[in-house]
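First comes the structure, then the notes that go with it.
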Amino acid sequence: METGASSANERFHFGKMGYGCQHYRRRCKIRASCCNEVFWCRHCHNEASSVLKNPSDRHEIVRQDVKQVICSVCDTEQKVAQLCSNCGVNMGEYFCDICKFFDDDTEKEHFHCLECGICRVGGQDNFFHCKKCGSCYSIALQGNHFCVENSMQHHCPICYEYLFDSLKDTTVMKCGHTMHCECYYEMIKRDRYCCPICSKSVIDMSRTWKRIDEEIEAAVMPEDYRYKKVWILCNDCNDTTEVFFHIIGQKCSHCKSYNTRMIAPPVLPH
């Protein structure tokens, strides 16, 4: 025969990791305050809303506005809380009353960042909040990244998903701009080595520049173009210089990069 304590403990952990959706494991659903519909989580709501036929009906839920949840064990609708008011089940091993967020997968090491205003994963000790960039970054980047104001408050330049609260891993490039890790690696795999936002080189290109030097040295331009000069803007250092034209590429006189583009001659003051 089970004791009352063991029975209560079993009820408390009823169905851990056995309920939820593709986004989160939890033992409750949320009622969206914006449309009064019931979903497992805000991502389920947003995905369903994004495919509505009428564009004016499409909308996203504000996580902090969720007021009601439905227990998945006893189907009791109630105010947002970690424990069901009817059966006592723990509706999420991790619970944030600010974000109205539940998740049984504690291996994600959730934490709420007050400055971001949302819950993050990965363990609070492993992240710091960069005030200028406006987001949490790995401590490996603390004092070791180029800050871009509110760099996470925009969409991934490849897939155009909003980055700030994306479920996918993100990376900070040398220029300070951010994008999804999977989008970054796909870009590199396709031999695209420039930031889609600012056009700066995102990896060390010195070996490539050396190879281009060798190709230019071996490819002599025709007499008519041998001494032709053009103005270029370097995407890597932003310097503007006049250089000799070559069909293979134009080298920046300042930083020696070939990540350049031809521009009109500057207008000199009278």
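Quick note: the sequence shown uses full-length UniProt numbering, first residue 1, plus one each step.
Glycine included, C-beta positions come from ideal geometry on N, C-alpha and C.
Short Cβ contact (9 angstroms threshold) for residue i with residue j
{"i": "Ile212", "j": "Ile263", "result": "no"}
{"i": "Leu163", "j": "Met179", "result": "yes"}
{"i": "residue 321", "j": "Phe39", "result": "In this structure the chain extends from 1 to 270, so residue 321 is not present and cannot be described."}
{"i": "Glu77", "j": "Val69", "result": "yes"}
{"i": "Cys113", "j": "Phe101", "result": "no"}
{"i": "Cys133", "j": "Gly176", "result": "yes"}
{"i": "Ser72", "j": "Arg26", "result": "yes"}
{"i": "Tyr184", "j": "Ile158", "result": "yes"}
{"i": "Asn46", "j": "Glu60", "result": "yes"}
{"i": "Ser201", "j": "Tyr193", "result": "yes"}
{"i": "Cys35", "j": "Ser49", "result": "yes"}
{"i": "Asp97", "j": "Val121", "result": "no"}
{"i": "Gln124", "j": "Ser135", "result": "no"}
{"i": "Ile197", "j": "Ala219", "result": "no"}
{"i": "His129", "j": "Glu115", "result": "yes"}
{"i": "Glu107", "j": "Asn126", "result": "no"}
Rounded separation between residue i and residue j - CA only
{"i": "Ile203", "j": "Lys174", "result": "8 angstroms"}
{"i": "Gly20", "j": "Lys131", "result": "34 angstroms"}
{"i": "Asp224", "j": "Phe244", "result": "12 angstroms"}
{"i": "Gln250", "j": "Pro222", "result": "16 angstroms"}
{"i": "Gly117", "j": "Asp75", "result": "30 angstroms"}
{"i": "Ser257", "j": "Lys229", "result": "17 angstroms"}
{"i": "Ser166", "j": "Cys99", "result": "15 angstroms"}
{"i": "Cys181", "j": "Arg42", "result": "23 angstroms"}
{"i": "Lys210", "j": "Val66", "result": "57 angstroms"}
{"i": "Phe111", "j": "Asp103", "result": "12 angstroms"}
{"i": "Gln142", "j": "Glu217", "result": "42 angstroms"}
{"i": "Pro265", "j": "Cys255", "result": "20 angstroms"}
{"i": "Ala32", "j": "Tyr94", "result": "20 angstroms"}
{"i": "Cys156", "j": "Cys234", "result": "24 angstroms"}
{"i": "Cys252", "j": "Cys237", "result": "9 angstroms"}
{"i": "Gln22", "j": "Glu242", "result": "56 angstroms"}
{"i": "Thr170", "j": "Leu268", "result": "43 angstroms"}
{"i": "Asp105", "j": "Ser151", "result": "29 angstroms"}
{"i": "Ser259", "j": "Val51", "result": "In the sequence under discussion, the amino acid at residue 259 is Asn, which differs from the Ser named in the question. Rounded to the nearest angstrom, the two C-alpha atoms are 40 angstroms apart."}
{"i": "Asp239", "j": "Ala140", "result": "30 angstroms"}
{"i": "Gly18", "j": "Thr208", "result": "52 angstroms"}
{"i": "Met1", "j": "Cys87", "result": "Legend: pLDDT at Met1 = 33, less than 50; position of this residue unreliable, value from coordinates given subsequently. Their Cα atoms are separated by approximately 21 angstroms."}
Residues that residue i bridges to, as DSSP identifies them
{"i": "Phe127", "result": "Ser138"}
{"i": "Trp231", "result": "Glu242 and Ile263"}
{"i": "Gly20", "result": "Arg25"}
{"i": "Ile70", "result": "Lys29 and Glu77"}
{"i": "Cys119", "result": "His112"}
{"i": "Tyr94", "result": "Asp103"}
{"i": "Leu83", "result": "Asn90"}
{"i": "residue 272", "result": "Look at the range of the chain in this structure, 1 to 270, and you will see that residue 272 is not part of it."}
{"i": "Ser201", "result": "Cys194"}
Span of the beta strand (DSSP E), counted from its first residue to its last, around residue i
{"i": "Glu109", "result": "Segment: none, Glu109 is in no beta strand (DSSP E) and carries neither H nor E."}
Opening and closing residue of the alpha helix (DSSP H) in which residue i lies
{"i": "Ile212", "result": "Ser206 to Ala218"}
{"i": "Ser49", "result": "Arg42 to Ser50"}
Residue i CB to nearest heavy atom of the ligand SAH below 8 angstroms
{"i": "Lys168", "result": "Looking at this structure, you won't find the ligand SAH or any other ligand, since it has none at all."}
Every unbroken beta strand (DSSP E) inside the UniProt domain "RING-type" (156 to 199) [3 residues or more]: Correct list: 170 to 172 and 178 to 180.
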